[in-house]
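Asks: Per this note's numbering, the sequence shown starts with residue 2, numbered consecutively.
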Amino acid sequence: MGGPRRGRRAPGWLAVVPLLAFTAITFGLPALAMLNGAFTVKDQATGATSYSGENLSSSLQGAYLTALLGSVKLSAVSAAIATLFGLLLAQAVVTSRFRFLREAVLTASGVLANFGGVPLAFAFVATLGNSGVLTGRLGLKDAGFDLYSFWGLTLVYLYFLVPLMVLTITPALEGLRAQWREAAQNNGATHGQYWRHVALPVLTPSLLGGFVLLFGSAFAAYATAAAMVGSTVPLVTLQIADALSGNVLVGQENVALALSLDMVVVAGLVMAVYLPLQRRSSRWLA
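1) Count Cβ pairs between the segment 159-169 and the segment 204-223 that sit closer than 8 Å; are there 3 or more?
2) With H, G and I counted as helix, E and B as strand and the rest as coil, what does DSSP make of tyrosine 65?
3) Taking just the CA atoms, how far does valine 126 sit from valine 157?
4) Quick check on this structure: which residue in Leu236, Phe212, Val42, Met229 has the alpha carbon closest to the alpha carbon of leucine 276?
5) Please determine, among Tyr149, Leu70, Ser59, Thr24, the residue with the shortest C-alpha to C-alpha distance to threonine 41.
6) Buried or exposed for aspartate 263, please, with buried defined as at least 16 other CB atoms from any protein chain shown within 10 angstroms of its CB.
7) Under the assumption that valine 234 contacts serine 150 (Cβ atoms under 8 Å), give the Cβ distance between them as a whole number of angstroms.
8) If you draw a straight line from the C-alpha of leucine 215 to the C-alpha of glycine 111, how long is it?
9) Can the beta-carbon of alanine 105 be found closer than 9 Å to that of leucine 162?
10) Tell me whether glycine 217 is buried or exposed, calling it buried when 16 or more other Cβ atoms sit within 10 Å of its Cβ.
11) Would you tell me roughly how many angstroms separate the C-alpha atoms of glycine 133 and phenylalanine 116, rounded to the nearest one?
12) Look at the Cβ atom of leucine 174, then the Cβ atom of alanine 114, and state whether they are nearer than 9 Å.
13) Residue range of the beta strand (DSSP E) that valine 42 falls in?
14) Which full runs of the alpha helix (DSSP H) of 4+ residues lie inside the segment 106-169, going along the chain?
15) Just checking my contact of alanine 227 with alanine 244 at CB under 8 Å: how many whole Å lie between their CB atoms?
16) Which of helix, strand or coil does DSSP assign to glycine 269?
17) Taking DSSP as the reference, what is the three-state secondary structure of serine 53?
18) Please work out which residues of its chain come closer than 8 Å, Cβ to Cβ, to threonine 67, disregarding the five sequence neighbours upstream and downstream, and give them in chain order.
19) When you compare each of Val230, Ala179, Val119 to glycine 153 by their alpha carbons, which one comes out closest?
20) What's the call for threonine 238, buried or exposed, on a 16-neighbour Cβ count within 10 Å?
21) CA-CA distance, tyrosine 52 and asparagine 37?
22) Quick one: grab the DSSP three-state call for threonine 27.
23) Once you ignore the five residues that flank leucine 57 on each side, which residues in its own chain have a CB closer than 8 Å to its CB?
24) Between Val265, Arg280, Gly269, which lies nearest to methionine 35 when the distance is taken from Cα to Cα?
25) Should serine 26 be labelled buried (16 or more other beta-carbon atoms within 10 Å of its own) or exposed?
26) On the criterion of 16 or more Cβ atoms from any shown chain inside 10 Å, does threonine 155 qualify as buried, or is it exposed?
27) Expressed to the nearest angstrom, what Euclidean distance is found between the alpha-carbon atoms of arginine 138 and threonine 128?
28) Look up asparagine 255 in the DSSP assignment and say whether it is helix, strand or coil.
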């Protein structure tokens, strides 16, 4: 007599079904609604709706295009500066002999990388605003410093982008093997030559991937800029908020959805660059 029959094991993909269903509901349905609204145009005379590319065309003209380019410029500049300073800070932490310092910096980076929105805007306004604590004491206003400008907003963005870069690049720096440095030194290479010919080429995919990640984070930021600069600095997220709140021309209500679609396209391009770079850096530093 044979033993009791064992039931067949459920296929492994069944365990992923709840996650896929949740993703489809929370991301898929809003994406479809956005895509449908971006191409929907309403006739004000008859009330009839039709599909057209008019909303997308409007989103790439005039003030909307200026806002989109402003967001790209702000994100690129702040990400580039944060990449440089984040690399220097992470290298100082990795090479430090004090373990407590390394753990403290990484812990603080994890906290500061997620500190944004209205609280961050309020902290900078209270410190470096027109009536801020340091503004008067250091004479920053007389020197021409303006927190409510492009460069002021860039400074605020660095507050959370630099820590994010530290968290991103630290594993790559720790992956640099000591044998590579020793081999370079044995062959007469200086410290600068080691970084120029060995370390930086290996770190390039990680650096570019970190830059792309910072760009996407800055590009999607909204609350900090809305609380600080309002419409002073043209940004696409602020234009979307104005459109959703009704501050648009009659018949252009769906332009906000078209602007959102523009942001999704930019984010898609960012991810298309980031993922291959991440895979390449993981192969080098494995």
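Cβ atoms here follow ideal geometry from the backbone N, Cα and C, with glycine treated the same way.
Note that the structure is a prediction, hence the values are computed from the model and not measured.
Replies: By the coordinates alone:
1) yes
2) helix
3) 10 Å
4) Phe212
5) Ser59
6) buried
7) The pair is a contact, with the Cβ atoms about 7 Å apart (cut-off 8 Å).
8) 14 Å
9) no
10) With 16 or more Cβ atoms within 10 Å of its Cβ, glycine 217 is classed as buried.
11) 20 Å
12) no
13) Run containing valine 42: 41-43, per the beta strand (DSSP E) assignment.
14) 118-129, 134-139
15) About 14 Å separates the two Cβ atoms, so there is no contact after all.
16) helix
17) In this structure, serine 53 counts as coil in the three-state DSSP scheme.
18) Pro235
19) Val230
20) The residue is buried, with at least 16 neighbouring Cβ atoms inside 10 Å.
21) 8 Å
22) Here threonine 27 sits in helix by DSSP.
23) Ala39, Phe40, Ala259, Leu262, Asp263
24) Val265
25) The question names serine, yet the displayed sequence has isoleucine at residue 26. Exposed is the call here.
26) buried
27) Going from the Cα of arginine 138 to the Cα of threonine 128 covers about 10 Å.
28) coil
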